[in-house]
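All remarks here apply to the structure that follows.
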Amino acid sequence: MQTTRKNILKALLPILVLGVLAFIYHSYNPSLATFYLPCPLYYTTDLYCAGCGSQRALHHLMHFEIGKAFGYNPFLVISIPLLIYAVVVQYVNFVWNTRFRVKLFYSNTFIVIYFGLAILYMILRNIEVEPFNFLAPR
Amino acid sequence: MENLNATPPDNYLVWAIVTTVLCCLPLGIVAIVKSSKVNTLWAQGDYEGAQKESASARLFVILAASIGFIVQLLILVPFLIFVMGDILANY
């Protein structure tokens with residue numbers, strides 16, 4: 000890995016963007032602020048997608064309120080370690096033009112299971128009956 | 000020069016999943032299918048085919064993201080007007 004001026008620029012850019020986003024999500028509660036973007040699916044159809052509640056969950060995660068975050072989107076909270084790992088790998092590849100791969104993403108068994116779970120989760124959280132409504136963002 | 004056959008081409012799975020979840024678009028699902036094809040072809044030793052599927056996975060991720068962005072904009076404009084109206088009505 001060689002570090003040149005171009006590498007440094009490429010290294011700083013994502014940190015700057017992510018830093019600004021992290022600051023916004025940390026400072027403003029999406030449940031109270033009006034400027035956050037609504038989910039297009041929920042806004043148009045009143046249906047929850049698998050990602051609904053992610054912004055609120057992210058805000059509470061940044062305040063180490065895991066329980067609250069879990070209430071808004073348990074699927075995201077569980078996926079966070081994998082997401083961070085994947086983003087770090089992408090970041091390293093982007094900055095140093097390397098070709099590191101996340102092994103898990105090259106397994107079709109993983110894709111089918113993870114995506115199957117996401118779709119099942121989306122269907123279940125839209126059922127407004129006792130055990131399932133727990134999965135709706137709240 | 001590293002051996003290009005040692006690592007599979009990028010299957011853009013993270014981006015495919017992110018665009019699917021964030022935009023709820025059918026194009027994202029096409030991208031996920033293309034991603035999985037990269038894996039299958041690579042495992043079969045079809046490096047050229049894997050490379051091709053990788054390129055089309057990338058294309059579909061970009062397509063899904065662009066269309067998702069336009070849809071967001073179309074929803075965002077009435078949403079912003081609504082927010083502005085709300086703010087003006089309260090002051």
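From first to last, the protein sequence lines stand for chains H and A. Sequential numbering of the first sequence, starting at 0, is according to numbering that gives the first Met the number 0. Sequential numbering of the second sequence, starting at 0, is according to numbering that gives the first Met the number 0. C-beta: ideal position from N, C-alpha, C; glycine also. This one's a predicted model, so the numbers in the text were calculated from it and none came from an experiment.
Residue 46 of chain A and residue 38 of chain H have their C-alpha atoms roughly 39 Å apart. Positions of the alpha helix (DSSP H) runs, each at least 4 residues long and wholly inside the region 15–61 of chain H, are given as 39–44, 53–61 in order along the chain. By the C-beta density criterion, residue 66 of chain H is exposed, having fewer than 16 other C-beta atoms within 10 angstroms.
Against chain H, the CB of residue 78 of chain A has a partner CB under 9 Å away; the residue lies at that interface. Using a CB distance cut-off of 9 Å, residue 12 of chain A counts as an interface residue toward chain H.
In the same chain as residue 14 of chain A, and ignoring 5 residues on each side of it, the C-beta atoms closer than 6 Å to its own belong to 60, in chain order.
Counting every other CB atom within 10 Å of its CB across the protein chains shown gives residue 29 of chain H a total of 16 or more, marking it as buried.
When the Cα atoms are used, residue 48 of chain A and residue 12 of chain A turn out to be separated by approximately 17 Å.
With a 10 Å radius around the Cβ and a threshold of 16 neighbouring Cβ atoms, residue 114 of chain H comes out buried. Under the 10 Å beta carbon count, residue 31 of chain A is surrounded by 16 or more other beta carbons and is classified as buried.
For the C-beta of residue 42 of chain H, the chain A residues within less than 8 Å are, from N- to C-terminus, 74, 78. Chain A has no Cβ within less than 9 Å of the Cβ of residue 80 of chain H.
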